[in-house]
Amino acid sequence: MTWLALTDHEDRRLSLRGLGSDKKATPLLEDDPRSLLTRGTILFETRLSADGKPQVLFGYKSTHPSHRSLTFQAIPGGGLAMVQVQDQAITHAAIQHKEAGRTDVVRITYSWDTAANWGRLTLEKPEETHVTTVPIHDPRPLSLDDIRDLMLGRTGQTFAPDMIFAACSDQIEPIGPMPTLLPETPLATPYGYRPASLLQRGDTVVTQAAGVVPVLHRLSRMVPARGSFAPVRLRAPYFGLQQDIIVAPDQRVLLDGPEVEYLFNQEAVLVPARHLVNGFAALTEPCGPTISYTQLLLPAHETMLAAGTAVESLYIGRIRRNAPHLASSLLHHLDRSTLPEHGRPAHQVLRWYDAIHLARQRAA
Numbered sequence: 001m002t003w004l005a006l007t008d009h010e011d012r013r014l015s016l017r018g019l020g021s022d023k024k025a026t027p028l029l030e031d032d033p034r035s036l037l038t039r040g041t042i043l044f045e046t047r048l049s050a051d052g053k054p055q056v057l058f059g060y061k062s063t064h065p066s067h068r069s070l071t072f073q074a075i076p077g078g079g080l081a082m083v084q085v086q087d088q089a090i091t092h093a094a095i096q097h098k099e100a101g102r103t104d105v106v107r108i109t110y111s112w113d114t115a116a117n118w119g120r121l122t123l124e125k126p127e128e129t130h131v132t133t134v135p136i137h138d139p140r141p142l143s144l145d146d147i148r149d150l151m152l153g154r155t156g157q158t159f160a161p162d163m164i165f166a167a168c169s170d171q172i173e174p175i176g177p178m179p180t181l182l183p184e185t186p187l188a189t190p191y192g193y194r195p196a197s198l199l200q201r202g203d204t205v206v207t208q209a210a211g212v213v214p215v216l217h218r219l220s221r222m223v224p225a226r227g228s229f230a231p232v233r234l235r236a237p238y239f240g241l242q243q244d245i246i247v248a249p250d251q252r253v254l255l256d257g258p259e260v261e262y263l264f265n266q267e268a269v270l271v272p273a274r275h276l277v278n279g280f281a282a283l284t285e286p287c288g289p290t291i292s293y294t295q296l297l298l299p300a301h302e303t304m305l306a307a308g309t310a311v312e313s314l315y316i317g318r319i320r321r322n323a324p325h326l327a328s329s330l331l332h333h334l335d336r337s338t339l340p341e342h343g344r345p346a347h348q349v350l351r352w353y354d355a356i357h358l359a360r361q362r363a364a
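This is the structure we're talking about:
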């Protein structure tokens, strides 16, 4: 998979050879306005306002040389609608955001394969595991002109203030569980610390509470380094770290201590790294347009030791029971019989307000 374009409120870029470390030696799409991307993905993150007012979040409209448009619009009730127009052909879909309350960040993934007459619109909340997907019938390919209008804002583009970023890939991007550690993250094994990228199925790691356990799989993915993928640096000696590590905002860190017991009546809790950012113990890490993450899948969602601190391994819930969800995920190529079933997370996962309260208590 290769990311071709990335846009946010500060920068817009497009490369036919791919962005950042994803760059290829030759162009993936001919530099011709009529070149067609018949298979690909538009991924973006946005805030859905709690007031439910309809508004166009992202899209473009062009009337020359023909009527062409692709728009994504927030609709009342916390949902989102997509409409694609190419001359007389119209493709549309709508998806509902369940339990819409405060202004939530959601990730929208629109993927299409015109040769297979297949499309999919997906809504996810970065901090949750629930995935909502609707099929799209008769999706239309995007021309290079369409992509430039949509991603570079040449003519008739809408990129609402609630938008965080948008990216375009030439492949069907996976949905569901995602890796959250940098490949060079040192993980404890019976033979000392080893980079996460060197660990494979059959190796073993030292966990925080379950001793030595086998690695079932290691998963990796290249993603746009924006929004809920923008890296966070956790600094030593905070969190018991022996050295700094860089993680995705959704990487959960195990925290314990008297504050945890007093506030939550738990020996330890899991806190997403995004809620630990405070300007000194955890910082937003500058990065290029893309970043590669990796993660280990363990039998019972054990917490691993990364450079001295306990971090969550990949949590996949009971995805093996859901064939369509499994087929759409990063685990699609794995034998279902080799996948574990994870019930509840091994520790309580703090919501954003509890995590921020705990961070303030610890900083006091």
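Under full-length UniProt numbering, the first residue of the sequence shown carries the number 1, and numbering increases by one thereafter.
The beta-carbon is built from N, C-alpha and C at its ideal position, and this holds for glycine as well.
For residue i versus residue j, is the C-beta spacing smaller than 8 Å?
| i | j | result |
| --- | --- | --- |
| Ile246 | Glu285 | yes |
| Gly119 | Gln96 | no |
| Val269 | Leu350 | yes |
| Leu121 | Val134 | yes |
| Leu330 | Leu339 | no |
| Leu14 | Arg148 | yes |
| Arg12 | Leu150 | no |
| Ile316 | Leu334 | no |
| His82 | Ala93 | Rather than His, the amino acid found at residue 82 in this sequence is Met. Contact: yes. |
| Leu48 | Val106 | yes |
Could you tell me the boundaries of the alpha helix (DSSP H) in which residue i lies?
| i | result |
| --- | --- |
| Asp149 | 144-152 |
| residue 375 | Only positions 1 to 364 of the chain appear in the structure, and residue 375 is not among them; the question remains open. |
| His325 | 323-328 |
In terms of residues, what are the limits of the beta strand (DSSP E) holding residue i?
| i | result |
| --- | --- |
| Ala81 | 79-86 |
| Tyr193 | 192-195 |
| Glu312 | 309-312 |
| Pro249 | Pro249 -> no beta strand (DSSP E), and no H or E assigned at all. |
| Ala74 | 68-75 |
| Ser292 | 290-297 |
| Tyr238 | No beta strand (DSSP E) holds Tyr238; DSSP gives it neither H nor E. |
| Ile95 | 89-95 |
| residue 365 | Lying outside 1 to 364, the shown extent of the chain, residue 365 is not represented and no answer is given. |
Who are the Cβ neighbours of residue i in its own chain at under 8 Å, not counting the five residues just before and after it?
| i | result |
| --- | --- |
| Lys24 | Thr2, Arg17, Gly18 |
| Asp250 | Pro126, Glu127, Met178, Thr180, Ser228, Pro272, Ala273, Arg274 |
Could you work out which residue in the options is closest to residue i when comparing CA atoms only?
| i | options | result |
| --- | --- | --- |
| Gly59 | Gly156, Ala94, Trp118 | Gly156 |
| Ala209 | Ala300, Leu216, Gly240 | Ala300 |
| His357 | Gln171, Gly227, Phe264 | Phe264 |
| Ile319 | Thr38, Leu36, Thr129 | Thr129 |
| Thr178 | Tyr191, Pro214, Glu124 | Sequence check: residue 178 is Met here, not Thr. For the residues Tyr191, Pro214, Glu124, the minimum Cα distance to Met178 belongs to Glu124. |
| Leu219 | Met163, Thr290, Leu181 | Leu181 |
| Asp354 | Ala160, Leu255, His67 | Leu255 |
| Gly8 | Asp170, Asp162, Arg68, Thr294 | The sequence as given places Asp at residue 8; Gly does not occur at that position. Considering only alpha carbons, the answer is Asp162. |
| Gly192 | Val212, Pro183, Ser337 | Val212 |
Quickly, what does DSSP pair residue i with across the bridge? List them, please.
| i | result |
| --- | --- |
| Lys23 | According to DSSP, Lys23 bridges with nothing at all. |
| Val215 | Val215 pairs with nothing; no bridge assigned. |
| Met163 | Thr46 |
| Ser62 | Arg68 |
| Ala273 | According to DSSP, which records beta bridges pairwise, Ala273 is partnered with nothing at all. |
| Glu302 | BP columns for Glu302 are empty, so no partner. |
Going along the chain, which residues of its own chain have a beta-carbon closer than 7 Å to the beta-carbon of residue i, five neighbours each way excluded?
| i | result |
| --- | --- |
| Thr109 | Thr41, Leu43, Thr122, Glu173, Ile175 |
| Thr309 | Phe239, Gly240, Leu241, Val253 |
| Ala225 | Pro231, Cys287, Gly288, Pro289, Thr290, Ile291 |
Report all residues from its chain with a CB closer than 6 Å to the CB of residue i; omit the five preceding and five following residues, and keep chain order.
| i | result |
| --- | --- |
| Pro33 | Leu144, Asp145 |
| Ile75 | Pro54, Ala81 |
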